[in-house]
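>
Number of protein chains: 2
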Amino acid sequence: MEEFKVTPWEVSGRVDYDKLIRQFGTTKIDGALRERMVRLCGGDEPHHMLKRDFFFSHRDLNLVLDDYEKGKGFFLYTGRGPSKAMHIGHLVPLIFTKWLQDVFKTNLYIEVTDDEKFLNKREYEWAEIQKNADDNILDIAAVGFDPERTFIFKDSVYVRNVYPLLMKTARKITGSTAKAVFGFDDSTNIGMQFYPAYQVIPTFFEKKRCLIPCAIDQDPFWRIQRDVAETLGYYKTSAIHSRFLPPLQGITGKMSSSGGQETAILLNDDEKMVKNKISKYAFSGGQATVEEHRKLGGNPDVDVPYQWLNILFEPDDSKLKKIHDDYRSGKLLTGELKAILIECINAFLKEHREKRKKAEKLVERYTRNGKLATEMWERTYE
Amino acid sequence: MEEFKVTPWEVSGRVDYDKLIRQFGTTKIDGALRERMVRLCGGDEPHHMLKRDFFFSHRDLNLVLDDYEKGKGFFLYTGRGPSKAMHIGHLVPLIFTKWLQDVFKTNLYIEVTDDEKFLNKREYEWAEIQKNADDNILDIAAVGFDPERTFIFKDSVYVRNVYPLLMKTARKITGSTAKAVFGFDDSTNIGMQFYPAYQVIPTFFEKKRCLIPCAIDQDPFWRIQRDVAETLGYYKTSAIHSRFLPPLQGITGKMSSSGGQETAILLNDDEKMVKNKISKYAFSGGQATVEEHRKLGGNPDVDVPYQWLNILFEPDDSKLKKIHDDYRSGKLLTGELKAILIECINAFLKEHREKRKKAEKLVERYTRNGKLATEMWERTYE
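Listed in order, the protein sequences are those of chains R and P.
Following this note's numbering, the numbering of the first sequence begins with 1 at its first residue and continues without gaps.
Following this note's numbering, the numbering of the second sequence begins with 383 at its first residue and continues without gaps.
1) With a floor of 4 residues, list each alpha helix (DSSP H) that falls wholly inside the region 635–684 of chain P, ordered by position along the chain.
2) If you follow the alpha helix (DSSP H) that R/Arg-39 is in, where does it begin and where does it stop?
3) Of the choices R/Glu-125, R/Ile-110, R/Leu-119 and R/Arg-160, whose alpha-carbon is the least far from that of R/Asp-146?
4) Please list, in chain order, the chain P residues whose beta carbon lies closer than 8 Å to that of R/Ser-187.
5) Which ranges does the alpha helix (DSSP H) cover as unbroken runs of at least 4 residues, wholly within the region 100–166 of chain R, from first to last along the chain?
6) According to DSSP, what are the bridge partners of P/Gly-455?
7) What did DSSP end up calling R/His-241 once you bin it into helix, strand or coil?
8) What does the alpha-carbon distance come out to for the pair P/Thr-551 and R/Arg-328?
9) Check the Cβ-Cβ distances between P/Pro-464 and every residue of chain R, and say whether any is below 7 Å.
10) Less than 7 Å between the C-beta atoms of P/Gly-635 and P/Val-393, yes or no?
11) Flag R/Gly-191 as yes if its beta-carbon sits less than 7 Å from any beta-carbon of chain P, otherwise no.
12) Out of R/Thr-263, R/Ile-345 and R/Leu-108, point me to the one whose CA is closest to R/Asp-270's CA.
13) Is R/Arg-209 buried or exposed, if buried means 16 or more other CB atoms sit within 10 Å of its CB?
14) If P/Leu-447 sits next to P/Leu-490, beta carbons under 8 Å apart, how far is it from one beta carbon to the other, in whole angstroms?
15) May I have a chain-ordered list of the beta strand (DSSP E) segments no shorter than 3 residues that lie completely inside the region 543–586 of chain P?
16) Please state the DSSP three-state secondary structure of P/Pro-595.
17) Whose C-beta lies closer than 7 Å to the C-beta of P/His-355 among residues of the same chain, with five residues either side of it excluded?
18) Along chain P, in chain order, which residues have C-beta atoms closer than 7 Å to that of R/Lys-168?
19) Helix or strand or just coil, what does DSSP make of P/Lys-441?
20) Could you tell me whether the Cβ of P/Leu-501 comes closer than 7 Å to any Cβ of chain R?
21) For R/Val-11, report the span of its beta strand (DSSP E) as first-last.
22) When the Cα atoms are used, what is the spatial distance from R/Ala-141 to R/Met-376?
23) Quick one: residues in its chain with C-beta nearer than 6 Å to the C-beta of R/Ile-240, no 5 flanking neighbours on either side, listed in chain order?
24) With a CB to CB cut of under 8 Å and the five nearest residues on each side skipped, what residues in its chain are close to P/Lys-659?
25) Can you find a C-beta in chain R that's less than 7 Å from the C-beta of P/Ser-538?
26) In whole angstroms, what is the alpha-carbon distance linking P/Ala-755 and R/Ser-257?
27) Are the C-beta of P/Arg-553 and some C-beta of chain R separated by less than 7 Å?
28) Name, please, each residue of chain P whose Cβ falls closer than 8 Å to the Cβ of R/Ala-197.
29) Tell me the residue span of the beta strand (DSSP E) that contains P/Lys-387.
30) At which residues does the alpha helix (DSSP H) containing R/Met-49 begin and terminate?
31) When the Cα of R/Gln-225 is compared with those of R/Ile-173, R/Lys-105 and R/Asp-134, which residue comes out closest?
32) Please list, in chain order, the residues of the region 439–453 of chain P that have any C-beta partner in chain R closer than 9 Å.
33) Quick check: the Cα distance between P/Ala-664 and P/His-675, rounded to an integer number of angstroms?
34) Which residue or residues does DSSP assign as beta-bridge partners of P/His-327?
35) What in chain R is Cβ-close to P/Lys-589, meaning under 9 Å?
36) First and last residue of the alpha helix (DSSP H) that includes R/Arg-379?
If you want it as structure tokens, here you go:
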């Protein structure tokens with residue numbers, strides 16, 4: 001078995017997701033739970049990320065659905081560590097979160113962790129992080145959340161409103177817990193040692209259950225939250241975990257914007273750049289020659305272009321199945337598969353950029369004066 | 383040699399101040415430096431706490447005075463960990479700070495560390511800390527600082543304005559440094575591990591030298607500050623350190639409000655309570671019987687009533703000298719010395735309470751809308 005490592009700051013190796021579920025103590029999303037979600041969507045088609053088991057693991061999702069059915073409701077929370085340029089992988093949890101918000105009509109809190117990014121990366125200046133954060137907020141807004149039910153905030157800006165609760169949370173977490181859960185050691189700076197308390201805070205924003213759609217590497221924060229929540233008078237948080245969007249060069253680790261251009265498609269890559277990156281770097285499950293490929297067929301399980309279509313770019317099941325089968329049989333060549341992906345990505349990015357442009361007008365509502373944002377600025381958490 | 387221990391959270395044993403200066407790496411205030419201070423006071427009498435060597439140690443006080451003489455100036459910073467009821471020992475650094483502000487006409491920042499007190503005392507509720515903090519601010523205001531040049535703030539309230547600088551500072555301090563300097567271990571909560579960064583922040587409020595009047599147990603924070611200040615573009619802070627006001631029951635440790643009524647005189651003790659505490663608990667350097675006392679005389683060096691007069695309640699040198707000599711010779715009895723102290727304390731507390739009452743009107747100026755406070759609320763520290 002290949003070695004792999006999953007922490008909030010590092011994902012490497014070929015991840016064995018079943019093993020990870022056991023390690024982290026989460027629960028697999030089984031057929032019954034998935035069907036329950038589908039039923040609750042009403043007539044709507046469930047999101048393909050759920051249907052296709054890309055969101056594969058959870059904590060207490062059943063309890064969230066119980067509360068929803070009882071009319072008590074729940075709320076959503078997800079986050080973003082601001083980076084210079086967002087890549088398509090960053091949009092994955094946001095897109096799924098939007099779907100959940102649309103279906104369940106819930107409030108949503110999006111924490112932009114400018115503090116954590118600064119604390120964790122010594123090479124960054126504060127001003128640069130702020131520029132990136134404000135830029136990222138536009139990309140987040142482009143996803144199209146409900147502007148009256150969504151509050152997007154930077155940690156540094158909202159801190160006054162949550163500081164008492166932050167202290168209460170921090171007082172419950174010892175240094176040894178933080179070390180054990182996050183792999184900190186004594187060379188870790190005291191800001192980072194403290195930071196996990198802040199990532200926990202939004203789970204307390206309402207006296208309802210919180211559901212966090214996120215990649216599974218963030219789960220250690222939720223374990224901490226679940227240790228302290230009830231003694232603070234709140235619910236243990238729920239989470240719904242995704243797998244990782246594989247990087248261009250192969251299905252190990254996760255996409256990262258610091259990994260160089262052979263790793264990620266950035267949201268501001270132009271059409272030529274996309275074509276070039278996919279053609280040149282996308283790891284293929286195809287055979288070495290056309291002849292061999294026609295004879296033996298390709299392997300979609302390790303083929304990055306196929307996986308990206310599966311996870312993000314081809315929501316139509318029958319179209320995806322045809323691509324899968326044709327590739328497996330050798331009918332569809334690697335170059336043809338890549339061409340399909342290039343077209344999908346470029347269409348996706350074009351639309352994203354248009355939505356981003358339109359979203360400029362909405363940022364104030366998400367961050368300051370939408371219905372939920374207005375309420376949040378009037379509130380202090382003690 | 384008796385064992386003693388001095389940390390920001392514990393002072394015990396009979397403190398050997400010369401040894402402490404060597405341990406902490408501070409500098410004794412020698413005759414030349416004291417004379418320089420006196421000279422700079424103009425015609426004014428220097429404060430008896432300085433003359434009598436109660437403020438006995440410093441860091442870079444000479445550089446502060448250089449800057450003052452050059453017209454560059456400096457600023458003052460001191461703090462207060464809010465407690466249920468302040469005792470007379472808490473006023474000591476504040477009274478001396480007021481004198482410095484009056485003489486040098488400087489800005490003064492007073493940090494009320496509600497966060498630290500909460501993090502460090504698991505038995506406290508947040509709301510209780512806030513009540514205590516607001517109450518303590520009245521006692522601080524009663525000392526009579528310049529309302530246009532003094533900014534009093536609670537950490538929890540001003541945090542938004544300093545958060546970026548707090549992150550910059552925290553990023554410079556490793557867990558092992560905090561452990562070594564403060565004696566934290568892995569059972570310390572992550573809030574406390576982080577807190578030292580905040581106590582450092584006010585030293586960066588102006589691009590001038592900061593002078594901190596405080597008891598010497600706070601010096602570990604300034605060591606940390608001096609390690610990081612220059613890499614952040616600020617001055618290493620200066621400090622002027624006092625000894626500890628001894629508790630009622632003897633000249634070891636320091637006065638503490640959690641030590642029970644045999645330890646401290648609280649600012650809201652009434653006349654009867656003061657009389658009772660001093661009569662009953664004040665450790666005496668006198669002899670066991672009047673006859674022996676007349677014959678052998680008392681020892682003012684270990685006599686708490688005499689020490690309190692020396693440090694706080696008898697600014698008149700000639701009066702103090704007479705008390706000292708009469709007690710030493712046996713002319714002044716223990717009961718008589720205690721009676722002098724009781725009268726002094728009650729006069730002091732009466733005046734303090736009157737000033738506190740009048741100060742109610744000034745709190746807004748110190749915390750919100752005085753000249754300096756207004757400037758501070760408009761500022762963000764990055």
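Note that beta-carbon positions come from the ideal geometry of N, C-alpha and C, so glycine has one too.
Judging by the given coordinates:
1) 653–663 and 672–678
2) Locating residue 39 of chain R in the first sequence gives position 39, where the first residue counts as 1. Segment 31–40, the alpha helix (DSSP H) holding R/Arg-39.
3) Stepping through the first sequence from its first residue, residue 146 of chain R is reached at position 146. When each option's Cα is compared against that of R/Asp-146, the closest is R/Ile-110.
4) As a first step, residue 187 of chain R is located in the first sequence; it is residue number 187 there, counting from the start. Neighbours of R/Ser-187 on chain P, chain order: Thr-556, Gly-557 and Ser-558.
5) 114–120 and 126–142
6) Translated into the one-based positions of the second sequence, residue 455 of chain P becomes position 73. Answer by DSSP bridge pairing: none, since P/Gly-455 is not bridged.
7) The count along the first sequence starts at 1 and reaches residue 241 of chain R at position 241. It is a strand residue.
8) As a first step, residue 551 of chain P must be located in the second sequence, where it is residue number 169. As a first step, residue 328 of chain R must be located in the first sequence, where it is residue number 328. Looking at the two C-alpha atoms, the distance is approximately 56 Å.
9) Start at 1 with the first residue of the second sequence, and residue 464 of chain P comes out as number 82. False, the Cβ-Cβ gap to chain R never drops below 7 Å.
10) Taking the second sequence and counting its residues from 1, one reaches residue 635 of chain P at position 253. Taking the second sequence and counting its residues from 1, one reaches residue 393 of chain P at position 11. A contact, by the Cβ cut-off of 7 Å.
11) Indexing the first sequence from 1 puts residue 191 of chain R at position 191. Judged by the 7 Å Cβ criterion, R/Gly-191 is in contact with chain P.
12) Looking up residue 270 of chain R in the first sequence gives position 270. It is R/Ile-345.
13) As a working note, residue 209 of chain R is residue 209 in the first sequence. By the neighbour-count rule (16 or more Cβ atoms within 10 Å), R/Arg-209 is buried.
14) Translated into positions along the second sequence, residue 447 of chain P becomes position 65. Translated into positions along the second sequence, residue 490 of chain P becomes position 108. Between P/Leu-490 and P/Leu-447 the Cβ distance is about 17 Å, and since that is not below 8 Å, they are no contact.
15) none
16) By one-based count along the second sequence, residue 595 of chain P stands at place 213. Here P/Pro-595 sits in strand by DSSP.
17) Residue 355 of chain P cannot be examined here, being either before or after the span of chain P that is shown, 383 to 764.
18) Here the question's residue 168 of chain R lines up with position 168 in the first sequence. Going along chain P in sequence order, the residues near R/Lys-168 (Cβ under 7 Å) are Trp-508.
19) By 1-based counting over the second sequence, the position of residue 441 of chain P is 59. Before going further, note that residue 441 of chain P is Arg rather than Lys in the sequence given. DSSP places P/Arg-441 in strand when its eight states are reduced to three.
20) The residue you call residue 501 of chain P lines up with position 119 of the second sequence. Yes - at least one Cβ of chain R is within 7 Å of the one on P/Leu-501.
21) Along the first sequence, one-based indexing puts residue 11 of chain R at 11. That run of the beta strand (DSSP E) goes 10–13.
22) To locate residue 141 of chain R, count along the first sequence from 1; it is residue 141. To locate residue 376 of chain R, count along the first sequence from 1; it is residue 376. R/Ala-141 and R/Met-376: Cα-Cα distance of roughly 18 Å.
23) As a working note, residue 240 of chain R is residue 240 in the first sequence. Around R/Ile-240: Phe-55, His-58, Leu-61 and Pro-213.
24) Here the question's residue 659 of chain P lines up with position 277 in the second sequence. Excluding residues within five positions, the ones whose Cβ falls inside 8 Å are Leu-630, Gln-643, Glu-644, Ile-647 and Asp-651.
25) For this step, residue 538 of chain P is matched to residue 156 along the second sequence. So, interface residue.
26) Residue 755 of chain P sits at position 373 when you count from the first residue of the second sequence. Residue 257 of chain R sits at position 257 when you count from the first residue of the first sequence. If I take the Cα positions, the gap works out to 43 Å.
27) Numbered from 1 along the second sequence, position 171 holds the residue referred to as residue 553 of chain P. So yes, P/Arg-553 belongs to the interface.
28) The residue given as residue 197 of chain R occupies position 197 in the first sequence. Correct list: Ile-572 and Gly-573.
29) Counted from its first residue, the second sequence places residue 387 of chain P at position 5. P/Lys-387 -> beta strand (DSSP E) spans 386–389.
30) Numbered from its first residue, the first sequence carries residue 49 of chain R at position 49. It spans 48–51 - the alpha helix (DSSP H) in which R/Met-49 sits, taken as one unbroken run.
31) Working through the first sequence from its first residue, we reach residue 225 of chain R at position 225. Nearest C-alpha to R/Gln-225: R/Ile-173.
32) none
33) In the second sequence, residue 664 of chain P corresponds to position 282, counting from 1. In the second sequence, residue 675 of chain P corresponds to position 293, counting from 1. Taking the straight line from one Cα to the other gives about 17 Å.
34) Past the boundaries of the shown model lies residue 327 of chain P; chain P is included only from 383 to 764, so the question cannot be answered.
35) For the purposes of this step, residue 589 of chain P is taken as the residue at position 207 of the second sequence. Near P/Lys-589 there are no residues of chain R at all, since even the closest Cβ is about 17 Å away, more than 9 Å.
36) Residue numbering aside, residue 379 of chain R sits at position 379 when the first sequence is read from its first letter. No alpha helix (DSSP H) contains R/Arg-379, which DSSP labels as neither H nor E.
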